[in-house]
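This report concerns only the one structure given below.
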Ligand code: PGA
Ligand code: ZN
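If you want it as structure tokens, here you go:
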């Protein structure tokens, strides 16, 4: 039973404010913080109410705290319903989805702690003891980097040949180092700057970055014997001007048909393992066309288009828009809402990919969610304190589960 619940304002990795929640039960304790996006989907719940984060703390003490004290911490659905009722809006704009999600996750963590269990075990959906493969972030562009970086937001890699999570995260960090070296060879002026998710932020065109990404994957695969495959998140809602995609770095515009051809060509040329948001949010038809063309050989994943929302995902399923979905708890604002979307995805052969946000904290909860949900992939960067918090937690989780194996990717 929840005995006490507190809120505080803390820093995120961009230096912005976010919230952290502490929940105490008779014999347990749970703490969770919420992250923030820079390239957020339009249909996400609202992270914080308009009045700002300081107002949230007052609201929490006046309107939320009293209703939760006395509730059993393991009643996730009840807690989420109470939060939604107090909020009273469709998009959680009154309390803020970051506040509700932090409460929802902290309560589950407090419940797990009361039962003396790690969170992944308390949530316990994954009876196979499978560990997700980490999608590591190598090069940042778009909304996550400065002006001369590529337009494509994220150049990622997956160490598909790794036999355990330790091999996997170190393979990713080796690729990250290798890419840094290759960028310096290409650009003698490179200062070593990084973007919001810890990938390099170089002065490179999209194709130059693709070439370096691909070469680094090959070299590290050869050196380590662990096969590493390239992947992307284009986040092209950020490039869309209402009628075309503006690739400012290249000085090229692409209409929807040209964008589909462009992505298909990249997938074929570079043997992409995973491509997230190849088209802007809302373009279910464009997604369907691309998935039809390349979905057998490549994971086509929706982030901004689905925003972890089961109702929106069901439209995607109907239209065969993709074959994977990014799962970001703060896009939907509750743990039960997150689980509902994961379940719908899995029931329809959509791969759930649990993900960080560009503005993160050192909270490690998503590592547990990925394991509990049986997600075969987790996207949480490759280096940087707020990213390694999750990766190192996965190393600990694998150690705790001696019978665990890496997830099956396809
Ligand atoms: P965001 O971006 O956290 O800035 O929304 C991450 C992503 O698009 O995957
Ligand atoms: Zn994305």
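Residue numbers (UniProt numbering): 4 to 413. Glycine included, every Cβ here is placed at the ideal spot set by N, Cα and C.
Practice task
Label residue 19 either buried or exposed according to how many other C-beta atoms from any shown protein chain fall within 10 Å of its C-beta, with 16 as the threshold for buried.
Solution key: As a working note, residue 19 is residue 16 in the chain shown. Under this definition residue 19 is an exposed residue.
Problem - Backbone secondary structure at residue 158 - three-state DSSP - result: For this step, residue 158 is matched to residue 155 along the chain shown. Here residue 158 sits in strand by DSSP.
Exercise for the section: Kindly indicate if chain D contains any beta-carbon less than 8 Å away from that of residue 290. Expected result: The structure shown has no chain D; it contains just one protein chain.
Handout entry: Contact under 8 Å by Cβ, residue 157 with residue 184
Key = Counting from 1 along the chain shown, the entry for residue 157 is found at position 154. Counting from 1 along the chain shown, the entry for residue 184 is found at position 181. Cβ atoms of residue 157 and residue 184: not closer than 8 Å.
Practice task
Might you give, ordered along the chain, the residues of its own chain that have their beta carbon closer than 7 Å to the beta carbon of residue 70, omitting 5 neighbours on each side?
Solution key: Position 67 of the chain shown, counting from 1, holds the residue named residue 70. If we look at residue 70 and ignore the five residues flanking it on each side, its Cβ neighbours are 85 and 89.
Exercise for the section: Pick out the complete alpha helix (DSSP H) segments inside the region 362-388, 4 residues or longer, and give them in chain order. Expected result: Qualifying alpha helix (DSSP H) stretches, in chain order: 368-376.
Problem - Short Cβ contact (8 Å threshold) for residue 306 with residue 286 - result: Taking the chain shown and counting its residues from 1, the one referred to as residue 306 is at position 303. Taking the chain shown and counting its residues from 1, the one referred to as residue 286 is at position 283. When the beta-carbon positions are compared, residue 306 and residue 286 stay at least 8 Å from each other.
Practice task
Count the other CB atoms, across all protein chains shown, that sit within 10 Å of the CB of residue 192; report buried if there are 16 or more and exposed otherwise.
Solution key: Taking the first residue of the chain shown as 1, we reach residue 192 at position 189. With fewer than 16 other Cβ atoms within 10 Å, it is exposed.
Exercise for the section: Assign residue 210 to one of two classes, buried (16 or more other C-beta atoms within 10 Å of its C-beta) or exposed (fewer than that). Expected result: For this step, residue 210 is matched to residue 207 along the chain shown. Of the other Cβ atoms in all chains shown, fewer than 16 fall within 10 Å of the Cβ of residue 210; this residue is therefore exposed.
Practice task
Spatial neighbours of residue 68 within its chain, please: CB distance less than 6 Å, with the 5 preceding and 5 following residues excluded, ordered by chain position.
Solution key: Taking the first residue of the chain shown as position 1, residue 68 is located at position 65. Hits under 6 Å: 8.
Exercise for the section: Provide the residue(s) that pair with residue 236 in DSSP beta bridges, ordered along the chain. Expected result: For this step, residue 236 is matched to residue 233 along the chain shown. For residue 236, which the question treats as bridged, DSSP gives the partners 157 and 279.
Problem - Meets three-Cβ-pair contact criterion under 8 Å: the region 383-391 and the region 108-126 - result: With a cut-off of 8 Å, the region 108-126 and the region 383-391 do not count as touching, because too few Cβ pairs lie within range.
Exercise for the section: For the alpha helix (DSSP H) containing residue 62, list its first residue and its last residue. Expected result: What you label residue 62 is simply residue 59 of the chain shown in a count that begins at 1. For residue 62, the enclosing alpha helix (DSSP H) begins and ends at 56-62.
Problem - Touching by the beta-carbon criterion (3+ pairs, under 8 Å), the region 19-39 and the region 354-366 - result: A contact exists between the region 19-39 and the region 354-366.
Handout entry: Own chain residues within Cβ distance below 6 Å of residue 256, not counting five before or after
Key = Position 253 of the chain shown, counted from the start, is the residue given in the question as residue 256. The residues are 247 and 249.
Handout entry: Reduced DSSP category for residue 137 - H, G, I as helix; E, B as strand; rest coil
Key = Residue mapping note: residue 137 aligns to position 134 of the chain shown, counting from 1. The three-state secondary structure of residue 137, taken from DSSP, is strand.
Handout entry: residue 241 versus 301, 22, 45 and 31, residue with shortest Cα-Cα distance
Key = The residue given as residue 241 occupies position 238 in the chain shown. The closest CA to that of residue 241, considering only 301, 22, 45 and 31, is found on 45.
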